[in-house]
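1 is the number of the first residue of the sequence shown in the UniProt record's numbering; add one for each residue after it.
Structure record follows, encoded as structure tokens.
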Amino acid sequence: MSSEELFYSCRTGDLESLRNLVEETEVELNVRDQWDSTPLYYACLCGHENLVEFLLAKGARCEPHTFDGERCIYAALTNRIRKLLKEYKAITPDCMRRDSYREFFRRCLQVQDFVDVCFIVHGVKIHAHQVILSARSSYFADMFQTKWKGRSVIRLNHPLVAPWAFQSILQYLYTDRLCVEVSRSEECILLAKQCKLIKLKETLESRLSMIESFGLSKPGTKAIKVINVEPDSTSEEFQESYSALVEAVVPLPFRLKQFPSGIFCDSPVEEIEVFLPFMENWPYDDVTLPDDKPPFTDICFVVEEFRFYAHKVFMCGRSDYFKALLHDHFSEAVLPEGCTPEVTLHDVNAEVFATVVAFIYRDSAEITMETAFNVLCAADLYLLNGLKRICANQISKYLDVDNVISILRTARLFSLESLESNCSSFLACHLDKVIESVELHSLILEDAASIQNRQEKDSIPIIDDIRFHLYNNVLPNSYSEESIMDSEKKLSILNELLESLGLE
1 MSSEELFYSC RTGDLESLRN LVEETEVELN VRDQWDSTPL YYACLCGHEN LVEFLLAKGA
61 RCEPHTFDGE RCIYAALTNR IRKLLKEYKA ITPDCMRRDS YREFFRRCLQ VQDFVDVCFI
121 VHGVKIHAHQ VILSARSSYF ADMFQTKWKG RSVIRLNHPL VAPWAFQSIL QYLYTDRLCV
181 EVSRSEECIL LAKQCKLIKL KETLESRLSM IESFGLSKPG TKAIKVINVE PDSTSEEFQE
241 SYSALVEAVV PLPFRLKQFP SGIFCDSPVE EIEVFLPFME NWPYDDVTLP DDKPPFTDIC
301 FVVEEFRFYA HKVFMCGRSD YFKALLHDHF SEAVLPEGCT PEVTLHDVNA EVFATVVAFI
361 YRDSAEITME TAFNVLCAAD LYLLNGLKRI CANQISKYLD VDNVISILRT ARLFSLESLE
421 SNCSSFLACH LDKVIESVEL HSLILEDAAS IQNRQEKDSI PIIDDIRFHL YNNVLPNSYS
481 EESIMDSEKK LSILNELLES LGLE
């Protein structure tokens, strides 16, 4: 849904909605729709200069001599936008943080913590993680279980496998992105075919065809020299690559809740076998029983006697809490070869930890209203801001007049600005129903007391927030006379409440 909202905001020029999507949800800015167009392309085409500036500043790509870059320049509605695009500079590392999940995989490839295999391609050493390559490619999954099983060093000397091309394929497997010169693209296409990356192969072939077509139909444009492969806005394939893996990490009693349509659930082995032909990236050499240890695990978390066999590259790479915990826990420990180290966690229950693990591996999790608050506490403890946002979105669906104040307090406690705003909006919408609430009165008085040397009557935070939402309905862009009258009535009720509390 966020991708659809992103494209809509860029077409209509809604900077406020765009800013909220980018800053609150970390939506990916370089996604493509079904017409192979990016958000920046629509902002340029529709002439929204302020959006173009914002998108470029936040990491939207517009490199020269690329299909996207030349297409945006050609489509730009005004010369001012065209000038902005031509003056575009390469994005900074700060801008690259737009998608924290893919950024995690980029860091894995760059920093090389917890690598367990080294490819030597014509003398060039390239380090990687077997678990990530196996989850993303059925070719690597099969090779690590057969020909390359148990090997930490693998030599590749085939004349058609160039080091740069192999590194590009790994970049795609880790980040879902690839950048290759048009003149060298055939080598990547051949390697993608060998690694059974059919989607990448077809995408590169399609881009080559589009570049040729673009050059013929748009005379005068600069020659396109680089192909950029970016994530597809409608595809969840990247996250789903890790679903089977994390399903094996989570103990059996919690699989059905986190993976209601998963491979294992609580099906008997004979039913699991039925699914194997459809599991291209299944990283096991045989049917793995529900309680077996997943491949390549190097850490085990014990929670309420349940064992979560996991991977340090995920747990430490996604959470600074676990990075510090495991470093301190095993910094001086010497374990027998083949022994998986164990850590017992006492500050979380197994069901909540299953949700945490699911999020760490695939950036999504199944959360109910019953578990949302406990998961929120765990997400805060483990420094997982993305999971906190998921909890906030789930809690927002269940706001009512009885719980809105307590949820608002929770939002403040965990610094969830979007949830706090939703609570304020709810209060504004249902003010006539909550105006007599003792909890609301207490909150207003607490907010008033927290302001020292208060000079203006509208300086109380909760009152400011409610008024903001009410004033939105009395501005000129509000087309409903009934809505305007309702907001004016509520503003009057709010002022009367402040008088009764001695705050006016």
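Even glycine gets a Cβ: it sits at the ideal position worked out from N, Cα and C.
Note that this is a predicted model, so its numbers are computed, not measured.
Nearest-angstrom beta carbon gap, residue j and residue i [assumed within contact, 8 angstroms]
{"i": "Tyr139", "j": "Cys195", "result": "5 angstroms"}
{"i": "Ser319", "j": "Leu245", "result": "So it is not a contact: roughly 17 angstroms between Cβ atoms."}
{"i": "Leu197", "j": "Ser134", "result": "Their Cβ separation, rounded to whole angstroms, is 14 angstroms, which puts Leu197 and Ser134 out of contact at 8 angstroms."}
{"i": "Asp113", "j": "Val313", "result": "7 angstroms"}
{"i": "Tyr321", "j": "Val249", "result": "Tyr321 to Val249, Cβ: 18 angstroms. No contact."}
{"i": "Leu443", "j": "Ile462", "result": "6 angstroms"}
{"i": "Thr355", "j": "Thr297", "result": "About 19 angstroms separates the two Cβ atoms, so there is no contact after all."}
{"i": "Leu501", "j": "His441", "result": "6 angstroms"}
{"i": "Phe259", "j": "Glu240", "result": "Incorrect: roughly 11 angstroms between the Cβ atoms, too far for contact."}
{"i": "Arg82", "j": "Ile73", "result": "6 angstroms"}
{"i": "Ala350", "j": "Phe306", "result": "4 angstroms"}
{"i": "Val124", "j": "Pro163", "result": "4 angstroms"}
Backbone secondary structure at residue i - three-state DSSP
{"i": "Lys125", "result": "strand"}
{"i": "Phe114", "result": "coil"}
{"i": "Lys489", "result": "helix"}
{"i": "Thr66", "result": "strand"}
{"i": "Ala411", "result": "helix"}
{"i": "Phe301", "result": "strand"}
{"i": "Phe259", "result": "coil"}
{"i": "Ala310", "result": "strand"}
{"i": "Val250", "result": "coil"}
{"i": "Leu440", "result": "helix"}
{"i": "Arg435", "result": "Sequence inspection shows Ile at residue 435; the Arg mentioned does not correspond to that position. If DSSP states are grouped into helix, strand and coil, Ile435 belongs with coil."}
{"i": "Asn157", "result": "coil"}
{"i": "Ile367", "result": "coil"}
{"i": "Glu342", "result": "strand"}
{"i": "Ile460", "result": "coil"}
{"i": "Gln429", "result": "Residue 429 is actually Cys in this sequence, not Gln. Of the three classes helix, strand and coil, the one that applies to Cys429 here is helix, per DSSP."}
{"i": "Phe296", "result": "coil"}
{"i": "Leu178", "result": "strand"}
{"i": "Arg32", "result": "strand"}
{"i": "Asn403", "result": "coil"}
{"i": "Val229", "result": "strand"}
{"i": "Ile189", "result": "helix"}
{"i": "residue 506", "result": "The question about residue 506 has no answer, for the chain in this structure spans 1 to 504."}
{"i": "Ile360", "result": "helix"}
{"i": "Ile451", "result": "coil"}
Cβ neighbours of residue i in the same chain (closer than 7 angstroms, five flanking residues each side left out)
{"i": "Ser213", "result": "none"}
{"i": "Leu55", "result": "Leu29, Pro39, Leu40, Ala43"}
{"i": "Thr66", "result": "Ile224, Val226, Asn228"}
{"i": "Gly13", "result": "Cys46, His48, Leu51"}
{"i": "Glu332", "result": "A caution first: Glu332 carries a pLDDT of 47, below 50, which makes its placement in the model too unreliable to give a value."}
{"i": "Asp380", "result": "Lys388, Phe414"}
{"i": "Ala372", "result": "Cys391, Gln394, Ile395"}
{"i": "Asp347", "result": "Leu381"}
{"i": "Gln171", "result": "Leu109, Arg177, Leu178"}
{"i": "Glu24", "result": "Ser418"}
Beta carbon of residue i nearer than 9 angstroms to that of residue j
{"i": "Cys44", "j": "Leu85", "result": "yes"}
{"i": "Tyr174", "j": "Ile132", "result": "yes"}
{"i": "His129", "j": "Val117", "result": "yes"}
{"i": "Ile405", "j": "Glu370", "result": "no"}
{"i": "Lys199", "j": "Glu237", "result": "yes"}
{"i": "Leu416", "j": "Ala392", "result": "yes"}
{"i": "Val303", "j": "Leu345", "result": "yes"}
{"i": "Glu230", "j": "Val31", "result": "yes"}
{"i": "Leu325", "j": "Val352", "result": "no"}
{"i": "Leu77", "j": "Phe119", "result": "no"}
{"i": "Leu445", "j": "Arg467", "result": "no"}
{"i": "Ser185", "j": "Leu160", "result": "no"}
{"i": "Arg107", "j": "Gly317", "result": "yes"}
{"i": "Leu420", "j": "Asp363", "result": "For the sequence presented, residue 420 should be read as Glu rather than Leu. In this structure, Asp363 does not lie closer than 9 angstroms to Glu420 by Cβ."}
{"i": "Tyr471", "j": "Ser487", "result": "yes"}
{"i": "Leu498", "j": "Ile435", "result": "no"}
Own chain partners of residue i with C-beta closer than 6 angstroms, once the 5 adjacent residues on each side are dropped
{"i": "Ser168", "result": "Leu178, Val180, Cys188"}
{"i": "Leu191", "result": "Ala165, Ile169"}
{"i": "Phe359", "result": "Ala365, Leu387"}
{"i": "Leu503", "result": "Ala448"}
{"i": "Met315", "result": "Phe322"}
{"i": "Asn422", "result": "Ser396"}
8 angstroms Cβ shell around residue i - same chain, five flanking residues per side excluded
{"i": "Met485", "result": "none"}
{"i": "Leu21", "result": "Ser2, Glu5, Leu6, Ser9, Val27"}
{"i": "Glu270", "result": "Any reading at Glu270 is ruled out, since the residue's pLDDT is 40, under 50, leaving its predicted position unreliable."}
{"i": "Cys429", "result": "His469"}
{"i": "Arg409", "result": "Leu443"}
{"i": "Arg412", "result": "Glu420"}
Q: Only counting runs of 4 or more residues, tell me where the alpha helix (DSSP H) segments fall wholly within the UniProt repeat "ANK" (35-60), in order along the chain.
A: 39-45, 49-57
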